[in-house]
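This report refers to the structure that appears directly beneath it.
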Amino acid sequence: MAKLTADLTDPITLQVMWNRLIFIADQADNVLGRTAFSPIVRENHDYVTVLLDSRGQALAQCTWSIPVFISSLPAAAQNHFLKKFTPDMLEEGDVLATNDPEIGTGHLPDVTMITPIYKNGKIIAYAGSIAHLPDIGGRPLHSEANDIFEEGIRFPIVKLHKKGVPNQDVLDVIAASVRLPIEVQGDLDSMVAANNVMGRELLRFLDEYDLDEVDSLADVIHGMSERQTRSAIAKWPNGTYTSEVTLDGYSPLIVLKAAVTVEDDKIHVDYAGSSDQVLNSINCRTNYRYAHTAYALKCLLDPDTPNNEGCITPFTDEAPFGSILNPQPWTAGNSRNLIGHVIPSMIFKALENVAPNEVIGDSGGAPIWAANCVGQRPDGTQYGSVQNFHGGQGGRSDSDGLDTLSFPSNCKVTAVEMFELVVPVLTECKELIPDSGGAGKYRGGLGQRAVLRNLGDSPMSIYLASERTQIPCFGVTGGKDGRIGKVLKNDEPHFPKGKISLAKGDYLTLETPGGGGWGNPVERPRDLIAEDLRLGLITPQAAVDLYGMEEEKA
Amino acid sequence: MAKLAFDTGGTFTDFALLDDAGDLHLHKVLSTPLNPADAVVQGVSELLERYESSVDRETLQILGATTVVTNSVLERRGAQTALVTTEGFQDILRIRNEGRYDLYDLKIQYPEPLVSRAETYGAPERITAEGVVMKALDEEAIRDLGRTLNETGIKSVAVSLLHAYKYPDHERRVRDLLSETAPDVYVTISSDVCPEVREFDRTSTTVANAYTRPLMEKHVDELAHAFCERGIERDMLWMTSSGGLVPSPRAAKLPVRLIESGPAAGAVAAAEFGRIAGETSVLSFDMGGTTAKLCLIPNGEPTIASELEVAHYHRFRKGSGFPLKIQSIHMIEIGAGGGSIAAKNPLGLLNVGPRSAGALPGPAAYGRGGTEPTVTDADIVLGYMGTGNFVGGSFKVSKDAAIAAIDKLAAELGVTRERCAWGIHDLVNEAMAKAAAMHATDLGVDPRALPMVAFGGAGPVHAYGIARKLGINRIICPTGAGVTSALGLMIAPVAVDVSASRPMRLDAWDSATVKPILDDLAAQGRDVVAAAGVASQSIEYRYTVDMRHVGQGHEISVTLPALDLPQAEFLAEVERRFYAHYIELFGRKVENSSIEIITWRMRASGTKSEAQRPVTEVVGPKALKGHRTIYFDSLGASVETPIYDHYALAVDAPIAGPAIIEQRESSIVMGPEGTAHVDAKGNLIIDIEE
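Chains as they are written, first to last, in the working numbering: chain A, 1 to 554; chain B, 555 to 1244.
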């Protein structure tokens, strides 16, 4: 094949080369996702593959991802991996990995892995991946842990492979510390394989273009992306815009506060005033918090440019040390998403007058509700599997929020039939809750009601993660609140987090929150109200009370 | 025995007739979208008149590929349909799987479900995963429902109850009760359409079937009636998405299985053209006005996937459409074709698509109101497509209009006209090459090793550039590139795919359970294939299973060894095949982990036919038609390039690149690194030197 010319000033060549880099990350994503044992990897897409330049800056990321990964891998590489293991300490075939929450993504199950890519004996780039392992040891019910040591095993940045040979000592320690050693080993192997795919394909790409390095290409991509973000910010008026949200937490309530400062072509978010860190595992570390800050701003300012280092450079944030958004290192943080998932909604609320057509109402899918059903089969073996449930998306400036949508995460739920094959549970219904979407010119999406009944002879423990059962999702630009979530056991209200025991025949009712509305409900087009009535998504009473419909028409 | 094939497309309905003397004739008429049967009847009548003496109508077999099913979904022209689910699950079509197909786009939408919430009804009943009836079916409630359907003017109803993939009793009873109380309503039950686990996908498939069934049934009836009047006695056969032909009654009852009818026929043809050219494995590339399809054909046969997606809200964005659990030829569709629009994006770079000018207004060169530059306009500016020979010269196009559209974009980007046009052509090629590489990686194949079979209006124009990007060194351009799908129908075997989800671990194998599953699949398949006139001794049965490691979520397909092997040997061979395929796909083996089967599948088929060379295209004396100035990137300049007539080229005479070889509906581009010749069957073969 003839060599191609890598003219980085040519808009066409650059687009072709850029697309190719993303494709390389996507190929690795394909290998990782399809061979993973971890249900959370394949169903929730809780993993990422990223190509980094020789400085550890993100060059290209796989297309499908979730918000936490927008910044976590390059930050880990630049601040930790490349500092601990400088190029002179590495050899071809080495693989570095850690699950330290301070380095990676804020909780132990996520392993961050980086593989140097060599050309002519020199490191020219890194292949990186993060995946949520099926188990990491520690207490089975992570959210009741009171410090990080209860949450599982922690290994610092180590050479998982040395010159292509697995570091068996480390792997043996990991295997001995987890409940599912074969699956954990399998998923670590998947990550190694995914990184290798990126290395192989990047070298092929460099060969085709007759290049020996990627940093100059990275500079061009980063520069363009950064300019794009900065010019979008420059269209917003300078100023500081604030919002706050109150969450159930465990008890007491948790308050989060945001002050979003737009200054020329950069944005800083200060979370001062947010609640202090707590004993339970909902503390949200800096890397997780920043990812959700950057995610929310990218959605508003430049949703189209494929993510890379330059897209998020103009965003910074901070939170007081010791607060729930910047906790001390020993704190528990496994279920950090219960707090962190709400950050985007809070930023949207702060900016409702700055970017009214871009922001959306608060979403009932923030955070994910998860029910981990655990128990014993008649033959004495254990079963255990997680089912997820989402509330409605917030209303949008041009349309209603979607019903039951994973946001800001992006998690598909397991089919009821598949779930019932592995867990002796009967899902008695999974249906939309009329009137649960917050009223608005465009209303919030609907939440759902699901009923889970224990069919087994022995008790079932459901470890439940839920939120927004006390204070509803808020609307924006004049939109109204959605309906709060509810958790009931045998029709009686139940504490919505932690272990819930179901004896044979007992049932748990989960009602996820509805999304907040967008805009004044009185401005809602009449034909949309009529269609909602026809479909039973709102009741005639709501049409009259919330939308000002004449009684005889409703 | 004569065969007549028709392929109803968006613009043209294509025909191929193999007469009793073994001669192949091609034909084409304009499609009649309001009633697609009109164009079919017109074309068939014209061919029968023209070749009256060489066709015995009593034994003539008519074969069809159709867009009726796919268009009624895309254009929402299906019947007014209702859905019956297990009570408590009426919102299944709105709840979907709760995921998003784009991370950053806050304004994503999904297509409006084919059945609304107001027309969805809950059946009081419940069966568990183990088959225990938790709640008996309330028969009176179903009878009431039947009466309600009558009153509301519903024409078709889909019934999809939980765990019916394995325990269909309640579904069947609902069908019988509705048929009693609402005899004019078509009833489709999920256990008939796709008895596979995962309720959203199965329901989505069942609904699509119910929605399209009245239209397809009417279409089939109308054609049967019209052919009968013309003295044709045999039942028609129809192309399914999986590349096999089925008899009319099955096509009418399970139309959702015909949703990729035409593209499947194209892939079958590509496999055959590859075989004729002496190649076992090929990459099929079919590019038209709005989309392109790529299909990897290893060992002479397309691979079969067990799901696909249609009616994407966001053009060709995976996850934004209706999932369908049907057997279909594994191909990937790229939302780029001749009509894709090129524009400058916010970063100042060139983008091609996803917007398309479609057939109307079409490319700027068509002069039907389009002013934005499209891929076709770029191809015309580069000289790859002549303006005098569009659809055999019957269609007028303007090079000036193409130039004007490209110049405007070139000025915005600050590049020359040629650079801009080449950029558009090259970006599309890049998208195709990327998709091909992804598709190949999916199947664990290195695309560079495969020759490419290129057809469709734009396929041969772009094949050369794509092949160069992928490192492919041979391109096969079949004769009759515009009617390839119709030719595929002539070749395809009668075949039917059936399946059943019955999870089973290999280390807990129970032959007493397995045997009835396989026997039942065989019986279902045999009935359909025999009904199409295949003698029972020539029916071939092939069993495959979807397998994975226990605990994984993604299954891979494995062909079962001979069923009469001793059990230990049989299981060892299944395991060996699973691991071999797993390593092929993912490059490594997982140790110490059990493996399991999720779904059992069987294909029963008759035999394939061979392709014939069309006799309508006579080899003429004047192959060289003239010269044009044409741009080639590897030369960095436009050069005087010879233009040949494909059908006038002598067999085996070499042509050196660069050259353009024109067909009636397409144009084959060959760069300076290529050498071409026509083979004995009339196909043009390009070999690329590096």
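We put the beta carbon where it would ideally sit given N, CA and C, even for glycine.
Since this is a predicted model, take the numbers as computed values, not measurements.
> Are THR1229 of chain B and ALA1210 of chain B close, meaning C-beta to C-beta below 7 Å?
Replying inline: yes
> Using 8 Å as the threshold, is the region 758-773 of chain B in touch with the region 708-726 of chain B, meaning 3 or more CB pairs across them?
Replying inline: yes
>> I'd like to know whether the C-beta of LEU535 of chain A is nearer than 7 Å to at least one C-beta of chain B.
In response: yes
> Between PHE85 of chain A and chain B, is there a C-beta pair that is closer than 7 Å?
Replying inline: no
>> Helix, strand or coil for TRP64 of chain A? Go by DSSP, reduced to three states.
In response: coil
> Do the CB positions of THR567 of chain B and ALA591 of chain B come within less than 7 Å of each other?
Replying inline: no
> Comparing the C-beta of HIS390 of chain A with each C-beta of chain B, is any distance below 7 Å?
Replying inline: yes
> For the putative contact between ALA1021 of chain B and ILE851 of chain B, defined by C-beta atoms under 8 Å, what is the C-beta separation to the nearest angstrom?
Replying inline: With 8 Å as the limit, ALA1021 of chain B and ILE851 of chain B do not qualify as a contact, their Cβ atoms being about 16 Å apart.
> If SER281 of chain A and GLY333 of chain A are in contact, beta carbons under 8 Å, what's the gap, nearest whole angstrom?
Replying inline: 6 Å
>> I want to verify the contact list: residues of chain B whose CB lies under 7 Å from the CB of ASN19 of chain A, in sequence order.
In response: GLU984, LYS988
> Taking the alpha helix (DSSP H) that LEU202 of chain A falls in, what are its first and last residues?
Replying inline: 181-209
> So is ASP1241 of chain B in contact with chain A if we call contact Cβ pairs under 7 Å?
Replying inline: no
>> If you follow the alpha helix (DSSP H) that ASN625 of chain B is in, where does it begin and where does it stop?
In response: 622-628
> Which one of A:ASN79, A:PHE85, A:ASP94, A:ASP26 has the shortest CA to CA distance from GLN61 of chain A?
Replying inline: A:ASP26
>> Only counting the same chain, and skipping five residues up and downstream in sequence, which positions put a Cβ closer than 8 Å to that of VAL1172 of chain B?
In response: With a pLDDT of only 49 at VAL1172 of chain B, under 50, the local geometry of the prediction cannot be trusted, and no value is derived from it.
> Closest to ASN704 of chain B by CA distance: which of B:ARG680, B:GLY843, B:THR635 is it?
Replying inline: B:THR635
> Which class does GLU431 of chain A belong to by DSSP, given the choice of helix, strand or coil?
Replying inline: strand
> For LEU441 of chain A and chain B, any beta-carbon pair shorter than 7 Å?
Replying inline: The identity of residue 441 of chain A in the sequence shown is Lys, whereas the question assumes Leu. Output row for LYS441 of chain A: interface = no.
> Of all the options A:SER216, A:TYR47, A:LYS553, which has the alpha carbon lying nearest to the alpha carbon of LEU73 of chain A?
Replying inline: A:TYR47
> Should GLY1236 of chain B be labelled buried (16 or more other beta-carbon atoms within 10 Å of its own) or exposed?
Replying inline: buried
> So, VAL416 of chain A versus GLU725 of chain B, is the Cβ gap smaller than 7 Å?
Replying inline: no
>> So, under 8 Å CB-CB, THR477 of chain A and GLU352 of chain A are touching, yes? Tell me the CB distance rounded to an integer number of Å.
In response: 5 Å
> Are there three or more Cβ pairs, one per stretch, closer than 8 Å when the region 895-907 of chain B is compared with the region 681-692 of chain B?
Replying inline: no
> Rounded to a whole number of angstroms, what is the C-alpha to C-alpha distance between PRO237 of chain A and PHE348 of chain A?
Replying inline: 15 Å
>> Do LEU464 of chain A and ILE433 of chain A count as a contact pair if the criterion is CB distance below 7 Å?
In response: no
> Any Cβ of chain B within less than 7 Å of the Cβ of THR286 of chain A?
Replying inline: no
> Got a sec, what are the start and stop residues for the beta strand (DSSP E) PHE348 of chain A sits in?
Replying inline: Premise fails: PHE348 of chain A lies in the alpha helix (DSSP H), 343-350, not in any beta strand (DSSP E).
> For the candidate residues A:ASP491, A:GLY515, A:GLY498, whose alpha-carbon lies nearest to that of GLN448 of chain A?
Replying inline: A:GLY515
>> I'd like to know if THR9 of chain A contacts chain B, where contact means its C-beta is closer than 7 Å to some C-beta of that chain.
In response: no
> Whole-angstrom Cβ separation of ALA619 of chain B and GLY816 of chain B, contact assumed at under 8 Å?
Replying inline: 5 Å
> Does THR1170 of chain B come within less than 7 Å of chain A when only Cβ atoms are used?
Replying inline: Any reading at THR1170 of chain B needs caution, since the residue's pLDDT is 47, under 50, leaving its predicted position unreliable; the model's value is listed next. No, THR1170 of chain B lies away from the interface with chain A (no Cβ there is under 7 Å from its Cβ).
> Whose Cβ in chain A lies nearer than 9 Å to the Cβ of PHE1140 of chain B?
Replying inline: VAL31, ARG34, THR35, SER190, ALA193
> Got a sec, what are the start and stop residues for the alpha helix (DSSP H) HIS779 of chain B sits in?
Replying inline: 753-783
> Which two residues bound the contiguous beta strand (DSSP E) that contains ASP840 of chain B?
Replying inline: 836-841
>> At the 7 Å Cβ level, is THR404 of chain A part of the contact set with chain B, yes or no?
In response: yes
> DSSP on THR635 of chain B, reduced to helix/strand/coil?
Replying inline: strand
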